[in-house]
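Some notes on the structure that comes next.
Number of protein chains: 2
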Amino acid sequence: MRNILVIGSGKSTSYLIKYLLDKSESERLYITVGDLSLSKAKKIIGDHPNANAIPLDVFDVTSRTEAIENSDIVISMLPSRYHIEVAKDCIAYGKHMVTASYVTEQIQSLNNAAKNKGLVFLNEMGVDPGIDHMSAMKVIDRIRDKGGKMILFESFTGGLVAPESDNNLWNYKFTWNPRNVVVAGQGGAAKFLQEGKYKYIPYNRLFRRTEFLEVEGYGRFEAYANRDSLKYQDEYGMKDIQTLYRGTMRRVGFSRAWNIFVTLGMTDDDYTIEDSENMSYRDFVNSFLAYSPTDSVELKFRHALKIDQDDIVWDKLEELDIFNPNKKVGLKKATPAQILQKILMDSWTLEPDEKDMIVMYHKFGYELDGKKYQIDSTMVTIGEDDTYTAMAKTVGLPVAMAALDILNEKITTPGVQIPILKEVYEPILNELEEYGIHFNEKEVPYLGYNPLNQ
Amino acid sequence: MRNILVIGSGKSTSYLIKYLLDKSESERLYITVGDLSLSKAKKIIGDHPNANAIPLDVFDVTSRTEAIENSDIVISMLPSRYHIEVAKDCIAYGKHMVTASYVTEQIQSLNNAAKNKGLVFLNEMGVDPGIDHMSAMKVIDRIRDKGGKMILFESFTGGLVAPESDNNLWNYKFTWNPRNVVVAGQGGAAKFLQEGKYKYIPYNRLFRRTEFLEVEGYGRFEAYANRDSLKYQDEYGMKDIQTLYRGTMRRVGFSRAWNIFVTLGMTDDDYTIEDSENMSYRDFVNSFLAYSPTDSVELKFRHALKIDQDDIVWDKLEELDIFNPNKKVGLKKATPAQILQKILMDSWTLEPDEKDMIVMYHKFGYELDGKKYQIDSTMVTIGEDDTYTAMAKTVGLPVAMAALDILNEKITTPGVQIPILKEVYEPILNELEEYGIHFNEKEVPYLGYNPLNQ
């Protein structure tokens, strides 16, 4: 038997562990799931004969090193900042490692050590980052192999609610860490390239400069820019790229309404609100509006944001019950972002029988023999319920497949890396197809960034 | 002779040094001016017999300690972050110290040492902070002395251009560090109290939630909120205050136009613009607008900000020449804020014969014998030219007066402090009157925060 240690048994590990357990007989795998909560780890493996659950505190050196030493490969599904403890042990005991998280400087600094020991440290193996890298590099490599030169790359991902469970005016529910949704876009201007021009969008404009995207069979989406588009120029080796833009997808209309929270300051996470515990939702809203006791909070709100009475954004706000004077915030020393998150979770939490959806959209523009071409590639995955979500599937399956491919020596290139090598993306994308994770490609006329100008 | 060491001979020291030189015979003063630039220090003292200029690098321990040891009192007009080096020496050699800067934690930590040695460390002795503290505490103490209870305190200061030199559409010129003007309001939400309610304004709304103020003889002004209003509750001892608001004054219309720069992201100081050196003013503006080569930068700008053709803000923007394709930025690796500052300095620099203006406006609301009262107090000071500015006068004179009062043992309370003690503000405010710095007080009906509700 080959021993796989999975650290963490949170929301995103349902499919990951199911995949490994399903393969445990044929592939002779023994799965150890370690979590701070032993009961959580036990629950996820059930009574499977090829698995056991252990209590694992990543800061308890003895139990951590023992578990790592006894494994052949380690999958860390902990929050990103904890990976480094695990990674150092993997170097010390000579174990491969897989994560779904962005490569931090700390992890990158282990590159030489991993290479010297012949260890594969494969990161960004989830959906975004993960499947986006693999599906993009597959097309980019194909374009390059036939002599094409990349001139445009745009890539969009959204974690959304499936059409069959889409029953609120925002067309949105939380399918991932709600906190990340509330503070999305903060921390600096978004920066990208459009037809050779660098463009910058500050946070307060981010949700007003969206693009529209049409996905066959699923209708229209919008996307706002991610902060970090330019780093993909190096990562994907696209030196001469003219347009480089990465974004986050929402249903059309989400961003315009979300921008209201941004404008009022309700997404701020840098200070705490006085007496937040005892304030009502209405008090919270009022604290961002001018003092004027003879005017209603509603009128002050409409006036400040210039919202017409018949504007749909108003219905979106009312749906969230933000003007309720009786619902209490109930959070001590909370930031505006924490309070807003609490209010949104009342409305945007997936019910047990509801389904989520992952949508991905890539545009590849290239030049070949003096002509310009474009390929659009889209992927949609729908979840089964609130445990076997599309998010857990698209994050967990590639991680699990990568771990198995490393054990089976299909993936052998050592060092700290992300899934941009053919050795990694080819077998995994093929296997993901078997699980219904499929990209639709089509050739479209090259429109460049601004189709209206062609 | 008593030896006064003045460290720094920048813009704000013209009146300070003139005052001390003028008093040097009658008060037996000898003034030593130390500056990194010996020629600058020499220029400011001229050939006055009771003064000398020395080269002084605050990080050169030998020359710094020697100069401090030879003085009876030290005035530090250095940028705030350098005071601590001087302050430590003042403790070591037993010298009093005066600055015009906010008390930092480092300076505050010397409080006990200063007290133990009987040294006066008087800070925030300029105009704002400085004259605002003194003029406010004078009224607050008077109200308290007759048994009144403070319920409202609003205080506004503006460094502006004098009416006779007010010849641009913004009604504004730089009279102080332009950088501070460009990044004003950044770093966190503004927080204040209105009729017992805490209110918060994020940066992107700060310049849209102004108040109007009328100053007799000078017309209408507007004010946007400062970040730190609440700290004055402790500093001035106003425990039960219901309304507490501090703001920065501009001429009406400035903030609405300024908000355009904020909205587009042009005041951001956290990242650098690609190839900033070679871009034109027009390129700079365009980098914050959508890519659309068939549309003019002007139209994209108007559309993004929803600016009507006949809106005066458009004329304000054109006056700054921001759409000029030929003027180059010429700054390497510059942030948006640095580039904007450069563009503004083309238009907003005070000419040698032009005059600046300091305006201050306090509102004091109080309760006495069950009735509510209000006192409004205003001060306007006009400069003489671009050297003897109102800014230099209102910053420099109180600093100089305080130094002399300490030498003459009129101010004796030891420790790190700001000018809120009667011992400090009474003689200095009286003397400032002689120099034309005068507050007009009037009793007005108590209106509370929102006059329309009365």
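Note that the protein sequences, when read in sequence, are chains P and G. Here this note's numbering is used: the first residue of the first sequence is 27, the next is one more, and so on. Here this note's numbering is used: the first residue of the second sequence is 27, the next is one more, and so on. Glycine residues also receive a C-beta, built at the ideal position from the N, C-alpha and C atoms.
Against chain P, the CB of GLY214 of chain G has a partner CB under 8 Å away; the residue lies at that interface. Per DSSP, reduced to three states, the secondary structure at HIS159 of chain P is helical. ILE384 of chain G sits close to THR420 of chain G, with the two beta carbons spaced by under 8 Å. Its chain contains VAL355, GLY356, LEU357 and LYS358 as the residues whose beta carbon lies nearer than 7 Å to that of GLU303 of chain P, once the 5 sequence neighbours on both sides are disregarded; these appear in chain order.
Counting only Cβ-Cβ distances below 8 Å, ILE177 of chain G has no contacts in chain P at all, with the closest Cβ about 14 Å away. The DSSP assignment places complete beta strand (DSSP E) segments of no fewer than 3 residues inside the stretch 216 to 262 of chain G at 216 to 220, 223 to 227, 237 to 241 and 245 to 251, in order along the chain. Along the stretch 270 to 291 of chain G, the positions whose C-beta sits under 9 Å from a C-beta of chain P are VAL288, THR289, LEU290 and GLY291, read in chain order. For the stretch 312 to 324 of chain P, the beta-carbon criterion of a distance under 7 Å to any beta-carbon of chain G is satisfied by SER313, PHE314, ALA316, TYR317, SER318, PRO319 and THR320.
Apart from sequence neighbours up to five positions away, the residues of its chain that approach MET27 of chain P with a beta-carbon distance below 8 Å are ARG54, LEU55, TYR56 and ASN76, ordered along the chain.
Proximity of chain G to ILE117 of chain P at the Cβ level (cut-off 8 Å) is not reached, the minimal Cβ distance being about 34 Å.
Along the stretch 223 to 234 of chain P, going in chain order, the ones with a CB nearer than 9 Å to a CB of chain G are LYS223, TYR224, LYS225, TYR226, ILE227, PRO228, TYR229, ASN230, ARG231 and ARG234. Sixteen is the threshold: since fewer than 16 other Cβ atoms of the shown chains lie within 10 Å of the Cβ of ALA118 of chain P, the residue is exposed. Beta bridge pairing from DSSP links GLN443 of chain P with P:LEU148. Scanning chain P for C-beta atoms nearer than 8 Å to the C-beta of ASP337 of chain G yields nothing, as the closest lies near 15 Å away. At the C-beta level, THR413 of chain P and LYS199 of chain P stay beyond 8 Å of one another. Between ILE169 of chain P and the set P:LEU47, P:ASN138, P:GLN400 and P:GLN134, the nearest pair of CA atoms involves P:GLN400. The three-state secondary structure of THR420 of chain P, taken from DSSP, is helix.
Cβ neighbours of VAL59 of chain P within its own chain (closer than 7 Å, five residues either side excluded): VAL32, SER35, ILE43, ALA67, ILE70, ILE71, ALA77 and ALA79. In the three-state reduction of the DSSP assignment, ASP336 of chain G falls in the coil class, being assigned neither a helical nor a strand state. Taking 8 Å as the threshold, the shortest C-beta distance from GLU300 of chain G to chain P falls below it. For GLU180 of chain G, the closest Cβ of chain P is not nearer than 8 Å. Residues of chain P with a Cβ closer than 7 Å to the Cβ of ASP296 of chain G are, in chain order, GLY214.
Distances from the CA of ASN29 of chain P to each of P:TYR41, P:SER40, P:LEU239 and P:LYS49 were compared; the closest alpha carbon is that of P:LYS49.
The bridge partners DSSP lists for MET386 of chain G are G:THR183 and G:MET405. Assigned with DSSP and collapsed to three states, VAL208 of chain P falls in helix. Around the beta carbon of MET371 of chain P, a 10 Å sphere encloses fewer than 16 other beta carbons of the protein chains shown; the residue is thus reported as exposed. Taking a cut-off of 8 Å for Cβ pairs, the stretch 285 to 302 of chain P and the stretch 403 to 412 of chain P do not touch, as fewer than three such pairs fall below it.
In the DSSP assignment, ALA93 of chain P falls outside any beta strand (DSSP E) and within the unbroken alpha helix (DSSP H) covering 87 to 95. With respect to the 8 Å criterion, GLU248 of chain P and GLU237 of chain P are classified as neighbours on the basis of their beta carbons. Under the Cβ distance rule, GLN220 of chain P counts among the residues neighbouring chain G, one pair being separated by less than 8 Å. Fewer than three Cβ pairs drawn from the stretch 323 to 343 of chain G and the stretch 380 to 394 of chain G lie within less than 8 Å of each other, which leaves the two stretches out of contact. The C-alpha of ASN193 of chain G lies about 25 Å from the C-alpha of GLU324 of chain G. For LYS69 of chain G, no pairing in a beta bridge is given by DSSP. The residues THR201, ASP382 and GLY409, in chain order, have a CB closer than 7 Å to that of THR415 of chain P in the same chain once the five nearest residues on each side in sequence are set aside. Scanning P:SER102, P:VAL84 and P:MET417 for the CA closest to the CA of LEU62 of chain P turns up P:VAL84.
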